[in-house]
Amino acid sequence: MNEFEILLENRWVVREKDSDMYYRVKNKLDDYKEFIKEKLGYSIIVNPKFIKLEKKPGMAESFMGILYFESVQEYKFLTIILMFLEDKGAEEQFILSQLTDYVESKYEGETKVDWTIYTHRRRLIKVLRYATEQYLIKVTDGDDSQFVNSESGEVLYENTGLSKYFLNHFNESILNYESFKDFEKSSLEDVNTDKGIFLRNRVYRKIFMSPVVYNGGAEDMDYLYIKKYRSVIENDIEKLFDSSFQVHKNGAMVLLSEDKNYKEVFPSDKNISDIVLLVNGDICARLKNGELIKAERDVITVSLPRFERIINETRNKNNHNFGKSYREMGINEFVEEVKEYMYYYRFIDMHDTEVDILPMVGKVVGGYKLEVGGQKSEVGNK
Numbered sequence: 004m005n006e007f008e009i010l011l012e013n014r015w016v017v018r019e020k021d022s023d024m025y026y027r028v029k030n031k032l033d034d035y036k037e038f039i040k041e042k043l044g045y046s047i048i049v050n051p052k053f054i055k056l057e058k059k060p061g062m063a064e065s066f067m068g069i070l071y072f073e074s075v076q077e078y079k080f081l082t083i084i085l086m087f088l089e090d091k092g093a094e095e096q097f098i099l100s101q102l103t104d105y106v107e108s109k110y111e112g113e114t115k116v117d118w119t120i121y122t123h124r125r126r127l128i129k130v131l132r133y134a135t136e137q138y139l140i141k142v143t144d145g146d147d148s149q150f151v152n153s154e155s156g157e158v159l160y161e162n163t164g165l166s167k168y169f170l171n172h173f174n175e176s177i178l179n180y181e182s183f184k185d186f187e188k189s190s191l192e193d194v195n196t197d198k199g200i201f202l203r204n205r206v207y208r209k210i211f212m213s214p215v216v217y218n219g220g221a222e223d224m225d226y227l228y229i230k231k232y233r234s235v236i237e238n239d240i241e242k243l244f245d246s247s248f249q250v251h252k253n254g255a256m257v258l259l260s261e262d263k264n265y266k267e268v269f270p271s272d273k274n275i276s277d278i279v280l281l282v283n284g285d286i287c288a289r290l291k292n293g294e295l296i297k298a299e300r301d302v303i304t305v306s307l308p309r310f311e312r313i314i315n316e317t318r319n320k321n322n323h324n325f326g327k328s329y330r331e332m333g334i335n336e337f338v339e340e341v342k343e344y345m346y347y348y349r350f351i352d353m354h355d356t357e358v359d360i361l362p363m364v365g366k367v368v369g370g371y372k373l374e375v376g377g378q379k380s381e382v383g384n385k
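The opening residue of the sequence shown carries number 4 in this note's numbering; numbering runs sequentially from there.
Structure representation (structure tokens):
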């Protein structure tokens with residue numbers, strides 16, 4: 004992984020946590036600064052404590068949340084923790100009960116925080132573990148699992164002083180923002196008012212931060228830019244990632260070389276990734292035999308129950324090859340997890356009563372290849 008990939012893959016590179024990586028990235032910044040500024044429109048924070056690429060998406064998408072969080076309450080907890088740390092100095096210590104009192108006093112919502120409720124305690128600890136992983140705080144003494152089991156559990160933490168840099172910097176007040184759309188508009192307009200730069204930055208951000216960029220139609224300026232400057236983009240991706248850039252009628256994507264080892268890619272070595280490959284393969288088979296029909300921009304629209312039946316039928320055919328947790332998982336839970344994963348990677352769009360199966364499904368499929376003595380999973384790009 005080169006230094007640019009390290010900056011893309013991580014929120015920041017903290018010197019105290021990994022000094023070798025910090026200096027490695029710092030010494031190579033000049034190699035990437037021009038591309039980062041001109042193509043992505045990003046800024047870089049460099050100081051004696053950390054290096055951070057201020058990443059902003061070209062368009063907000065479902066997978067851009069915090070992967071570990073499963074509820075709105077966890078995001079609220081994180082926001083309040085950042086407020087709490089704002090008033091703490093670097094290396095200042097605090098105990099968990101100080102934080103829980105603060106969270107309880109600042110929390111807003113129809114349901115109040117109640118530390119006698121197991122779910123509330125578990126969610127807070129999950130957020131604190133995330134904050135520790137992101138190096139916002141350090142555990143000095145104690146075991147946070149004690150608080151999960153009992154509201155009387157205590158832990159001693161230390162503030163690293165990095166929390167004030169956790170969120171991206173904005174050039175204007177966000178107090179009047181009402182939607183994530185306001186952030187999208189600001190994140191690009193604060194770069195430059197020149198329309199050409201605005202468009203270029205938005206397109207490159209989509210390419211670098213999304214699994215696929217779909218063609219929105221004849222008036223889609225972003226996709227027209229991709230087609231017009233395809234060779235330039237291909238050269239940039241080959242140079243930076245040693246990977247290829249594929250552009251099709253209805254979608255464009257970066258296909259990483261097999262030696263790339265990012266945290267979140269598709270396909271991966273996770274069992275759920277193999278399952279989705281099988282679902283994709285079954286969808287393609289149904290398309291080939293005429294059971295499913297493509298509509299505008301190669302999108303296949305089916306009812307929600309029908310899509311869930313496709314997943315369940317894939318499960319029934321291949322369940323004996325799945326890992327134990329998926330073999331024993333209930334049907335409803337299995338279907339929901341597959342849908343969520345496919346939505347996360349832009350294979351589908353979900354509506355109230357329908358599912359749009361997107362063109363990316365036909366690009367990455369999998370099946371089982373019979374071998375002497377058993378079967379093994381085969382992952383293939385189509």
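Glycine included, every Cβ here is placed at the ideal spot set by N, Cα and C.
If you're wondering where the values come from, they're calculated on a predicted model, not measured in any experiment.
| Query | Result |
| --- | --- |
| Return helix, strand or coil for Gly369, following the three-state DSSP convention. | strand |
| Would you identify the three-state DSSP class for Ala255, choosing helix, strand or coil? | strand |
| Could you give the DSSP three-state label for Asp21: helix, strand or coil? | coil |
| By the 10 Å Cβ neighbour count, where 16 or more other Cβ atoms means buried, how is Gly383 classified, buried or exposed? | Bear in mind that the predicted position of Gly383 carries a pLDDT of just 46, short of 50, making it unreliable; the figure below should be weighed with that in mind. The residue in question, Gly383, is exposed, as its Cβ has fewer than 16 Cβ neighbours within 10 Å. |
| Go through its chain and collect everything with a Cβ distance to Ala255's Cβ below 6 Å, but skip five positions before and after it. | Val216 and Ile229 |
| How long is the line joining the alpha carbons of Val341 and Met62, rounded to whole angstroms? | 24 Å |
| Alpha carbon to alpha carbon, how far is Met67 from Phe269? Give it in angstroms, no decimals. | 15 Å |
| Hey, does Ile360 have any beta-carbon neighbour from chain C nearer than 8 Å? | In the displayed structure, chain C is absent; only one protein chain is listed. |
| According to DSSP, is Gly284 helix, strand or coil? | helix |
| Taking 7 Å as the cut-off, does the CB of Arg27 come closer than this to any heavy atom belonging to the ligand ZN? | Questions concerning the ligand ZN fall outside what the structure shown contains, since it holds no ligand whatsoever. |
| Would a C-beta distance cut-off of 8 Å place Ile140 and Thr163 closer than the cut-off? | yes |
| Please state if the CB of Ser213 and the CB of Arg1 are separated by a distance shorter than 8 Å. | This structure leaves residue 1 out entirely; the chain is present only between 4 and 385. |
| According to DSSP, which residues form a beta bridge with Phe53? | Val17 |
| Closest to Glu336 by C-alpha separation, out of Ile351, Asn315 and Asn324, would be which residue? | Asn315 |
| Looking only at DSSP bridge pairs, what is Tyr160 linked to? | Phe97 and Val142 |
| With a CB to CB cut of under 6 Å and the five nearest residues on each side skipped, what residues in its chain are close to Glu267? | none |
| Leaving out five residues before and five after Leu159 in sequence, what residues of the same chain have Cβ atoms less than 7 Å from its Cβ? | Gln96, Ile98, Thr143, Asp144 and Gly145 |
| Should Met345 and Val257 be called a contact, given that it needs their Cβ atoms to be closer than 8 Å? | no |
| Please report the Cβ distance between Tyr180 and Leu43, rounded to the nearest whole angstrom; I am assuming they are in contact, meaning their Cβ atoms lie under 8 Å. | Contact flag wrong, Cβ pair sits at about 22 Å. |
| From the DSSP output, in three-state form, read off Ile303 for me. | strand |
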